[in-house]
Amino acid sequence: MTFDPYSVTCFLAAYGRTSEAEFIIFHILFVCVGCLFFYHALFESRIVDALRKYDHLENVIKPRKYGVVGLIGTESVLVTALCFSVYYEAIIMIDFLVVMVLVYTVRMVGILSVRMDYIDGLFVYRSFRRMITFPPSEISKITREMRDRSVGYTLVIYLFSGQSIEFSHQFYSGLEWFWDEFNKTGDGSLS
């Protein structure tokens, strides 16, 4: 059995659980998400190449403008849909969208609050929830991993303490410098 948004909304409408406004708002969101997936499927390799080509930061990993624009754009679509839902009193969509806006806002704050600097021979990782300071010799392994729902790769830094730090290529710049510098020496130290 496949998911058909039209059938689901018709079923809910038949039982008085949704309004015509909710039906329209749900389909607009469905079309927006479909267009986004189509765009990424069509242009993902070009986007990844451009992100790598223009990654010129050194001694710092911080949020990338492309990722920030994408986060703000997605949040804007969700908030606009929420405003329409409130205006048309689409109760089911209001509940759904309030949860989505809150979850996405927490995710966005988590991504935008992360930064890692290389200062005086130490890495200083800061995020909304934690701060870690460690020397390059504390790094046990660095890998580039392909993850679902992400453009490009995810740089994963494994520490001997058992902790790991992840940076998505889509949201952070400075990863190319970090990868190149760490792999230059081969002994786990930066040159």
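Numbering (this note's numbering), first residue to last: 475 to 665.
Where is the CB? At the ideal position from N, CA and C, for every residue including glycine.
Margin query: For I606 and R520, I'd like the C-alpha separation in whole angstroms.
Written below: 34 Å
- Item | Cβ-Cβ distance between L571 and A555 below 9 Å | For L571 and A555, yes; Cβs fall inside 9 Å.
Quiz prompt | Per DSSP, cross-strand counterpart(s) of E640 | solution = V630
Exercise. In three-state DSSP terms, what is L571?
Worked result: Helix, per DSSP.
- [ ] Count the CB pairs spanning the region 636–650 and the region 524–533 that are closer than 8 Å, and state whether there are at least three.
- [x] yes
Note to self: Nearest by alpha-carbon distance to F558: which of I498, T617 and F602 is it?
What the structure shows: I498
**Message:** For V625, report the span of its alpha helix (DSSP H) as first-last.
**Reply:** Secondary structure note for V625: it is in no alpha helix (DSSP H), with a DSSP letter that is neither H nor E.
*Helix, strand or coil for V588 per DSSP?*
Reduced to three states, the DSSP call for V588 is coil.
S665 (DSSP reduced to helix, strand or coil): Annotation note: pLDDT 49 at S665 (below 50); position unreliable, coordinate value reported separately. S665 falls in the coil class under three-state DSSP.
To the nearest angstrom, report how far apart T579 and E532 are at their CA atoms. In a straight line, the C-alpha of T579 is about 29 Å away from that of E532.
Exercise. Pick helix, strand or coil for P609, following the three-state DSSP scheme.
Key: In the structure shown, P609 sits in coil (DSSP, three-state: anything other than H, G, I, E or B).
Check: DSSP three-state call for S614: helix, strand or coil?
Finding: strand
Straight-line CA distance for S550 to S614? 40 Å
- Item | Beta-bridge partners of L596, as assigned by DSSP | I593
For a test of the three-state rule: what should DSSP assign to S635, helix, strand or coil?
In this structure, S635 counts as coil in the three-state DSSP scheme.
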